[in-house]
């Protein structure tokens, strides 16, 4: 055959440690039909500070693969919510081969066509809270690339026609495909008139949706005569691929004929006719695109002795169990993203007769619906059973309805198919099923009522069970409960939803409480974080006593908003918010930085120059507000104004030291008992905040941070400024009868002469 190679790539993305599915990186690919091999090239490299991260530690990277929908992963081995079906996926772990780069290759032979999803993440870390910008973090980037090789012009088999083929000595196999429409209960592939050097040295393989593999359904034509391979309950509206493969080492040319017969289960007395009037009768594409192929809209050519396609009589061997019952459609009502309800006509109460199943179809749109959760709920109306021991079984299957013909055991599975089984009876009248990230396409629900007897389940007589059926699509399972938040995520043009849990809860629906915080622990952490702000009361009292009223107002502002911000910031249920979270966070950060600013400015002792001090206070408030609006967690946006205030203090102290020719502050007691302890306490608080704080110890480390910062303010705040000494009246001068009128403050240049009161002592 002729091969065509396609290449797809994605932009590198930064990987994060796994905490929930919301922290993974998801990549979406599309594999075309007739692909024989898909090769994923997985490139991973490290970066640190814009350069290659040769010094970064090696961290394993886990990659998950799944066809049709994103992988439902559980690397932390948490418990899933009840009634949740977990679809399987394939995972591999990448190891590092070079200091800063590694490459992995993952091959898939004959992959299923359609959407493929890759999910990647780093291992879970210790949850350290790092200050943004403090140091260059190691970044692990992941970039997948896809190379596919697909066959073109694959020969198409038409039901009821014979295709002749001669396999040359240098050829090993021939590949065909046939389209299976809806209401097909059986696909029969047969090899006729096989002639070779050693009988019929051929293997016959059949597979749905993609070319066959070595483990596909196989038949050895040497051992079976006639060489027929049947597929019961095939997938509807899909291609089936037929591979005729020659045994190795067989010399000469092998000639044979191959034909396909489809059994129409909607008409028990008829099989698929060999000639169809139009493509609509088989729900097939109007043109197959095969060289020499026949479009179904055209009339078939007249048969002749030299023609390679001949109609065959189709034997009708349809049993009662193979009958497919009418499929009732559902009405799709879209309410929001991943919020879709499927309504049943003349429902939601469904009558299940005793002699036949009730079949419904739920259509999920490609790409749009695979990022949510498919929910199914069955509720039995016990009053409709008339006292009989009736059990209603529901079988949900993808691609084709599955009804069991065996009354003794209902398993909802065959040799090649497996569905999801639900059951309701008089004792358990409610059954639920949740499928996260379902495959798109048609889902079929078959409801069947059976009566329990001593010999197992048997068909009921004259009892029609009534079942309430509810099917809907939701973003998350139960909206992630009270300990989780359902997040809508996007990767390129693909949307999906995932839960982000809090307060130690884990799992796909935030229902695993193995590491959950108890109510007492949540209350204790909230009280510690809130009541630790009471430590600001002593600095407020000191500031008021020292006549630092502006500083006292800032400390009160900080204490108030820090208390209520931490009361609103709790992950559990012990939460109290007096304002919006964003407002509380901004005011808390602003108050903390303004406390540092006004304390340092007060230490600079600029109060005598009233106008300059007011300008600095106002300038600090504007700069800090701007920095917080730019990035509340950025290091230099917050550290810059603080260093600027320290620079002002250093200049003021240096100027006083030079003018007085003595170290400022002048007393050693001020250094030993106030400045040095305050600086050490503040430094300890900064070190705890920057290097020790993690998610696990946050509630008590951050409480200690509150205590230390408030305590350092009490030590660093300067004492009350001493009033300037007023000079007494000068001694009287004995003279000719006049005495000078003296104002002592004007002489010292401490006040404005225009507003000074003159105390004159004039005596003759």
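Numbering (the UniProt record's numbering), first residue to last: 1 to 764.
Here a beta-carbon is modelled for each residue, glycine too, at the ideal position from N, C-alpha and C.
Quiz item: Quick one: is residue 712 buried, meaning 16 or more other Cβ sit within 10 Å of its Cβ, or exposed?
Solution: Walking along the chain shown from the start, residue 712 turns up at place 712. Buried, by the Cβ-count rule.
Self-check item: Every unbroken beta strand (DSSP E) within the region 182-208, with a cutoff of 3 residues, ordered by chain
Solution: Listed in chain order, they are 184-195, 202-208.
Quiz item: For residue 375, does the count of other Cβ atoms within 10 angstroms reach 16, so buried, or fall short, so exposed?
Solution: If you number the chain shown from 1, residue 375 lands on position 375. With 16 or more other Cβ atoms within 10 Å, it is buried.
Practice problem: State the DSSP-derived secondary structure class of residue 143, mapped to helix, strand or coil. | Solution: One-based indexing of the chain shown puts residue 143 at position 143. DSSP, reduced to helix, strand and coil, places residue 143 within a strand of the structure shown.
Practice problem: Determine the DSSP secondary structure at residue 737, reduced to helix, strand or coil. | Solution: The sequence position of residue 737 within the chain shown is 737, counting from 1. A caution first: residue 737 carries a pLDDT of 49, below 50, which makes its placement in the model unreliable, though a value can still be read off. If DSSP states are grouped into helix, strand and coil, residue 737 belongs with coil.
Self-check item: Contact between the region 393-400 and the region 410-420 (3+ Cβ pairs under 8 angstroms)
Solution: With a cut-off of 8 angstroms, the region 410-420 and the region 393-400 count as touching, because enough Cβ pairs lie within range.
Quiz prompt | Nearest to residue 203 (by Cα), restricted to the options 88, 228, 253, 389 | solution = Counting from one through the chain shown, the residue named residue 203 turns up at place 203. Ranking 88, 228, 253, 389 by CA distance to the CA of residue 203 puts 228 first.
Quiz item: Skipping 5 residues on each side, what residues in its chain have a beta carbon closer than 7 angstroms to that of residue 365?
Solution: Counting from one through the chain shown, the residue named residue 365 turns up at place 365. Excluding the 5 residues flanking it on each side, residue 365 has same chain C-beta neighbours closer than 7 angstroms at 440, in chain order.
Quiz item: Which value, in whole angstroms, describes the spacing of the CA atoms of residue 659 and residue 605?
Solution: The sequence position of residue 659 within the chain shown is 659, counting from 1. The sequence position of residue 605 within the chain shown is 605, counting from 1. If I take the Cα positions, the gap works out to 15 angstroms.
Quiz item: Taking three-plus beta-carbon pairs below 8 angstroms as touching, is the region 678-688 in contact with the region 700-720?
Solution: Yes: at least three Cβ pairs fall under 8 angstroms.
Quiz prompt | Straight-line gap, residue 769 to residue 548 (C-alpha atoms, nearest Å) | solution = Here the chain covers residues 1 to 764 and nothing more, so residue 769 does not appear.
Quiz item: When the Cβ atoms of the region 248-260 are set against those of the region 149-160, are three or more pairs found closer than 8 angstroms?
Solution: Between the region 248-260 and the region 149-160 there are three or more C-beta pairs closer than 8 angstroms, enough to call the two in contact.
Exercise. Label residue 176 either buried or exposed according to how many other C-beta atoms from any shown protein chain fall within 10 Å of its C-beta, with 16 as the threshold for buried.
Key: Numbered from its first residue, the chain shown carries residue 176 at position 176. Its Cβ being crowded by 16 or more others within 10 Å, residue 176 is buried.
Quiz item: Any idea what DSSP makes of residue 563, helix, strand or coil?
Solution: Residue 563 sits at position 563 when you count from the first residue of the chain shown. Three-state result, residue 563: helix.
Self-check item: Continuous beta strand (DSSP E) assignments of at least 3 residues falling wholly in the region 376-433
Solution: Taking only runs of at least 3 residues, the beta strand (DSSP E) segments lying wholly in the region 376-433 are 390-398, 420-424.
Self-check item: Endpoints, alpha helix (DSSP H) assigned at residue 521
Solution: The residue you call residue 521 lines up with position 521 of the chain shown. Unbroken alpha helix (DSSP H) run through residue 521: 519-531.
Exercise. Using beta-carbon positions only, say whether residue 533 and residue 509 come within less than 7 angstroms of one another.
Key: Reading the chain shown from its first residue, position 533 is the one you call residue 533. Reading the chain shown from its first residue, position 509 is the one you call residue 509. In this structure, residue 533 keeps its C-beta atom at 7 angstroms or more from the C-beta atom of residue 509.
Quiz item: Are there 16 or more other CB atoms within 10 angstroms of the CB of residue 563, so buried, or fewer, so exposed?
Solution: Here residue 563 refers to the residue found at position 563 of the chain shown. Looking at its Cβ environment, which holds 16 or more other Cβ atoms inside 10 Å, residue 563 is buried.
Quiz item: Does the region 193-211 come within contact of the region 101-114, defined as at least 3 CB pairs closer than 8 angstroms?
Solution: Touching, yes, given that three or more Cβ pairs across the two stretches are closer than 8 angstroms.
Quiz item: Which one or two residues does DSSP pair with residue 105 in a beta bridge?
Solution: Residue numbering aside, residue 105 sits at position 105 when the chain shown is read from its first letter. Looking at the DSSP assignment, residue 105 forms a beta bridge with 41.
Quiz prompt | Exposure of residue 597, with buried meaning 16 or more beta-carbon neighbours within 10 Å | solution = Start at 1 with the first residue of the chain shown, and residue 597 comes out as number 597. Classification for residue 597: buried.
Exercise. Look up residue 25 in the DSSP assignment and say whether it is helix, strand or coil.
Key: Sequence index remark: in the chain shown, residue 25 carries index 25 (1-based). Collapsing the DSSP output to three states places residue 25 in a strand.
Exercise. Rounded to whole angstroms, what's the CA-CA distance from residue 531 to residue 663? Just pull it up for me.
Key: In the chain shown, counting from the first residue as 1, residue 531 sits at position 531. In the chain shown, counting from the first residue as 1, residue 663 sits at position 663. The alpha-carbon atoms of residue 531 and residue 663 are separated by roughly 39 angstroms.
Quiz item: Taking one C-beta from the region 6-16 and one from the region 143-158 each time, how about it: are there three or more such pairs within less than 8 angstroms?
Solution: Remark: three or more beta-carbon pairs, one from each stretch, lie closer than 8 angstroms, so the region 6-16 and the region 143-158 are flagged as touching.
Exercise. Identify the continuous alpha helix (DSSP H) that holds residue 459 and give its terminal residues.
Key: Counting from 1 along the chain shown, the entry for residue 459 is found at position 459. In this chain, residue 459 is not harboured by any alpha helix (DSSP H); it is covered by the beta strand (DSSP E) spanning 456-459.
Quiz item: Does the beta-carbon of residue 444 have 16 or more other beta-carbons within 10 angstroms, so that it is buried, or is it exposed?
Solution: The residue given as residue 444 occupies position 444 in the chain shown. Counting the other Cβ atoms within 10 Å of the Cβ of residue 444 gives 16 or more, which makes it buried.
Quiz item: CA-CA distance, residue 356 and residue 342?
Solution: Taking the chain shown and counting its residues from 1, one reaches residue 356 at position 356. Taking the chain shown and counting its residues from 1, one reaches residue 342 at position 342. Each residue's CA atom was taken as its position, placing residue 356 and residue 342 some 23 angstroms apart.
Exercise. Would you mind giving the Cβ-Cβ distance between residue 371 and residue 472, rounded to the nearest angstrom? I have them listed as a contact below 8 angstroms.
Key: Residue 371 sits at position 371 when you count from the first residue of the chain shown. Residue 472 sits at position 472 when you count from the first residue of the chain shown. Actually they are not in contact, since the Cβ atoms of residue 371 and residue 472 sit about 15 angstroms apart, beyond 8 angstroms.
Practice problem: To the nearest angstrom, report how far apart residue 32 and residue 642 are at their CA atoms. | Solution: Start at 1 with the first residue of the chain shown, and residue 32 comes out as number 32. Start at 1 with the first residue of the chain shown, and residue 642 comes out as number 642. Looking at the two C-alpha atoms, the distance is approximately 59 angstroms.
Exercise. Below 6 angstroms CB to CB, which residues in the same chain sit around residue 205 once its five sequence neighbours on both sides are set aside?
Key: The residue you call residue 205 lines up with position 205 of the chain shown. 212, 216, 218, 243, listed in sequence order.
Quiz item: What residues match up with residue 690 in a beta bridge as DSSP calls it?
Solution: Taking the chain shown and counting its residues from 1, the one referred to as residue 690 is at position 690. Residue 690 pairs with nothing; no bridge assigned.
Quiz item: Distance, Cα to Cα, residue 281 vs residue 266?
Solution: Mapped onto the chain shown, residue 281 falls at position 281. Mapped onto the chain shown, residue 266 falls at position 266. Any reading at residue 281 needs caution, since the residue's pLDDT is 33, under 50, leaving its predicted position unreliable; the model's value is listed next. Cα to Cα, residue 281 sits roughly 13 angstroms from residue 266.
Quiz item: Does the region 176-191 touch the region 64-81, meaning 3 or more C-beta pairs lie closer than 8 angstroms?
Solution: Because the criterion of three Cβ pairs below 8 angstroms is not met, the region 64-81 and the region 176-191 do not touch.
Quiz item: residue 390 and residue 451 look like a contact to me (Cβ under 8 angstroms); what is the Cβ gap, rounded to whole Å?
Solution: As a working note, residue 390 is residue 390 in the chain shown. As a working note, residue 451 is residue 451 in the chain shown. For residue 390 against residue 451, the beta-carbon gap comes to about 6 angstroms, under 8 angstroms, which counts as contact.
Quiz item: Nearest CA to the CA of residue 512: which residue from 30, 41, 24, 81?
Solution: Here residue 512 refers to the residue found at position 512 when the chain shown is read from its first residue. Nearest C-alpha to residue 512: 81.
Quiz item: When you compare each of 336, 334, 329 to residue 360 by their alpha carbons, which one comes out closest?
Solution: Within the chain shown, residue 360 is the residue found at index 360, counting from 1. Nearest option by C-alpha distance: 329.
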